[in-house]
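Visitor: If you scroll down you'll find the structure; I have some questions about it.
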Amino acid sequence: MTTSENTQTKSGIRQLKAGEALFHDGDVADSLFIIQKGQLRLFKPKGKGFIELAVLRSGEVIGEMAYFDDDGTGKKRSCSAAAITPVEIIEISFAAFGKTMQSLNPWFKTIINTLATRLRKTNSRLKELEDNQASVSYGGKHSGYEFMKPIEVMRVLGTLFLVFKAHGELKDQSFVITRKTLNLYSQDMYQIMEAKMESIISLLVELGWLEIGEDEDKFPNILMAKNMELIRQTFIYFNGERHLPDNKKMRVGDKCEMLIAKMIELDQALPLIDIPNLRIIDDIPPRFTKYYNIAPIIADFKSRNILLNPDHVDDGKNLGIFGEVLMKDGNVLVEVDFPKLQKLYPIIRFMNAIKRANEEKSQV
15 MTTSENTQTK
25 SGIRQLKAGE
35 ALFHDGDVAD
45 SLFIIQKGQL
55 RLFKPKGKGF
65 IELAVLRSGE
75 VIGEMAYFDD
85 DGTGKKRSCS
95 AAAITPVEII
105 EISFAAFGKT
115 MQSLNPWFKT
125 IINTLATRLR
135 KTNSRLKELE
145 DNQASVSYGG
155 KHSGYEFMKP
165 IEVMRVLGTL
175 FLVFKAHGEL
185 KDQSFVITRK
195 TLNLYSQDMY
205 QIMEAKMESI
215 ISLLVELGWL
225 EIGEDEDKFP
235 NILMAKNMEL
245 IRQTFIYFNG
255 ERHLPDNKKM
265 RVGDKCEMLI
275 AKMIELDQAL
285 PLIDIPNLRI
295 IDDIPPRFTK
305 YYNIAPIIAD
315 FKSRNILLNP
325 DHVDDGKNLG
335 IFGEVLMKDG
345 NVLVEVDFPK
355 LQKLYPIIRF
365 MNAIKRANEE
375 KSQV
């Protein structure tokens, strides 16, 4: 393949999904990238975990340092990069970039190469000083890499709630702040890692708790909180969870979450059946007063090739959302504390989203 063909092949616009890797540490490098939209995290594998290096946004360049590496072993990526949000980038091959460099005035070439060398040395020194982000238990056993630990999630939620409450301007039923204001607290004051703050913000956007808008310069620097109470309740729940033993912590599987979501979606459409002859002990009414027939929900999931069965309510039993399950005349009747189910569902979604994000990032 000729140089012109290679240049044409490697240059162009690329799209990345949230969580998708752009490149990995040690990969052969033959192009650089300009971020058009979205955010990317840079990180370095270390031990069984990763060191978070930086978050890059629209208008920034990534992967350019490999162009200036020339140690005779070939150009290699010095870290890994993955999308935090959906990303649109422009890829420029080193062949095309080299032609531009050759056309520059020699003085400019010298300046650029000098700056690149100094930056490389500074980055190397910073990497040496970085702490390992792998999670290790105090019992001496390594528990594996955990990108967002519970205490870190709490710091982010607490900071978001504080900043929105203290500085948020109410517009169209949402509290509005700028990234500049948030960064003053999260980075300058509380030293929260940018990659973790941005990852949780991205999750909150997916859940519909936050929205991101553009500022006057058309950059995504406006944050809008649609429901401050959800952020507060989730913060409180996380604080309670971290003091519990593992066997007492919330564990709701994906299938149970799907079932709960469908029950909330249907709400009044779910068939309700009164429980006959309720036992009342010491004049205290029973906790569950209605059965919900979830057989139609199970059938609906089955039609979409999703296996759901009555055993998937067990996680909800541990939370006090569900009671007993009865099978009668083709119906699957489940006792439900519906007000509690509605209250805990947003927290369940958030905690499972954190779990999935941790699993995805540990595999990058």
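Position one of the sequence shown corresponds to residue 15 (our numbering), numbered consecutively onward. C-beta atoms are modelled at their ideal positions from N, C-alpha and C, and glycine is treated no differently. Being a predicted model, the structure only gives us computed values, none of them experimental.
If you pair each beta-carbon of the stretch 189-200 with each one of the stretch 227-240, do three or more pairs fall below 8 Å?
Guide: Segments in contact, yes.
Visitor: On the CB-based measure, 16 or more other CB atoms within 10 Å of its CB, does Val42 come out buried or exposed?
Guide: On the sequence shown, position 28 is the one that residue 42 refers to. Exposed: under 16 other Cβ atoms inside 10 Å.
Visitor: Mind listing, in chain order, the continuous alpha helix (DSSP H) runs of no fewer than 4 residues lying wholly within the stretch 233-288?
Guide: The qualifying runs are 242-255, 268-280.
Visitor: Which residue marks the beginning of the beta strand (DSSP E) containing Gln50, and which one marks its end?
Guide: Along the sequence shown, read from residue 1 onward, the residue named residue 50 stands at position 36. 45-51 is the span of the beta strand (DSSP E), which, as asked, contains Gln50.
Visitor: According to DSSP, is Pro100 helix, strand or coil?
Guide: Locating residue 100 in the sequence shown gives position 86, where the first residue counts as 1. Note: Pro100 maps to coil in three-state DSSP.
Visitor: In the DSSP assignment, the alpha helix (DSSP H) including Phe108 goes from what residue to what residue?
Guide: As a first step, residue 108 must be located in the sequence shown, where it is residue number 94. Where Phe108 is concerned, the enclosing alpha helix (DSSP H) stretches over 108-116.
Visitor: By how many angstroms is the C-alpha of Gln29 removed from the C-alpha of Met272?
Guide: Start at 1 with the first residue of the sequence shown, and residue 272 comes out as number 258. Start at 1 with the first residue of the sequence shown, and residue 29 comes out as number 15. Cα-Cα distance, rounded: 29 Å.
Visitor: Taking just the CA atoms, how far does Phe364 sit from Val327?
Guide: For the purposes of this step, residue 327 is identified with residue 313 of the sequence shown, where counting begins at 1. For the purposes of this step, residue 364 is identified with residue 350 of the sequence shown, where counting begins at 1. Distance between the alpha carbons of Val327 and Phe364: 19 Å.
Visitor: How about Met264 and Ile311: do their beta carbons lie closer than 9 Å?
Guide: Numbered from 1 along the sequence shown, position 250 holds the residue referred to as residue 264. Numbered from 1 along the sequence shown, position 297 holds the residue referred to as residue 311. Their beta carbons are not under 9 Å apart, which means Met264 does not touch Ile311 by this criterion.
Visitor: Note down the Cα distance separating Leu244 from Trp223, rounded to an integer number of angstroms.
Guide: Here the question's residue 244 lines up with position 230 in the sequence shown. Here the question's residue 223 lines up with position 209 in the sequence shown. Roughly 8 Å separates the two Cα atoms.
Visitor: Look at the Cβ atom of Tyr305, then the Cβ atom of Leu358, and state whether they are nearer than 9 Å.
Guide: Taking the first residue of the sequence shown as 1, we reach residue 305 at position 291. Taking the first residue of the sequence shown as 1, we reach residue 358 at position 344. For Tyr305 and Leu358, no; Cβs fall outside 9 Å.
Visitor: The alpha helix (DSSP H) spanning Met168 covers which residue range?
Guide: In the sequence shown, counting from the first residue as 1, residue 168 sits at position 154. Its alpha helix (DSSP H) spans residues 164-181.
Visitor: Helix, strand or coil for Gln205 per DSSP?
Guide: Sequence index remark: in the sequence shown, residue 205 carries index 191 (1-based). Of the three classes helix, strand and coil, the one that applies to Gln205 here is coil, per DSSP.
Visitor: Is Ile308 closer than 9 Å to Val266 when the C-beta atoms are compared?
Guide: Within the sequence shown, numbered from 1, the residue matching residue 266 stands at position 252. Within the sequence shown, numbered from 1, the residue matching residue 308 stands at position 294. Result no, Cβ atoms of Val266 and Ile308 do not sit closer than 9 Å.
Visitor: What residues are listed by DSSP as bridge partners for Val42?
Guide: Within the sequence shown, numbered from 1, the residue matching residue 42 stands at position 28. Bridge partners of Val42: Lys90.
Visitor: What residue range is occupied by the uninterrupted alpha helix (DSSP H) comprising Phe315?
Guide: Locating residue 315 in the sequence shown gives position 301, where the first residue counts as 1. 309-317 is the span of the alpha helix (DSSP H), which, as asked, contains Phe315.
Visitor: Taking Leu174 and Phe252 to be in contact with their CB atoms under 8 Å, please state how far apart those CB atoms are, rounded to whole angstroms.
Guide: Within the sequence shown, numbered from 1, the residue matching residue 174 stands at position 160. Within the sequence shown, numbered from 1, the residue matching residue 252 stands at position 238. At roughly 12 Å, the Cβ-Cβ gap does not stay under 8 Å, so Leu174 and Phe252 are not in contact.
Visitor: So, helix, strand or coil for Tyr152, using DSSP?
Guide: Residue numbering aside, residue 152 sits at position 138 when the sequence shown is read from its first letter. Reliability of the predicted coordinates at Tyr152 is poor, the pLDDT of 34 falling under 50, and the value obtained from them is presented with this limitation in mind. If DSSP states are grouped into helix, strand and coil, Tyr152 belongs with coil.
Visitor: Given a threshold of 16 other Cβ atoms within 10 Å of its Cβ, counted over all protein chains shown, does Pro120 qualify as buried or as exposed?
Guide: Here the question's residue 120 lines up with position 106 in the sequence shown. When all chains shown are included, Pro120 counts as exposed.
Visitor: In the DSSP output, which residue or residues are listed as bridge partners for Arg71?
Guide: Numbered from 1 along the sequence shown, position 57 holds the residue referred to as residue 71. Looking at the DSSP assignment, Arg71 forms no beta bridge with any residue, so it has no partner.
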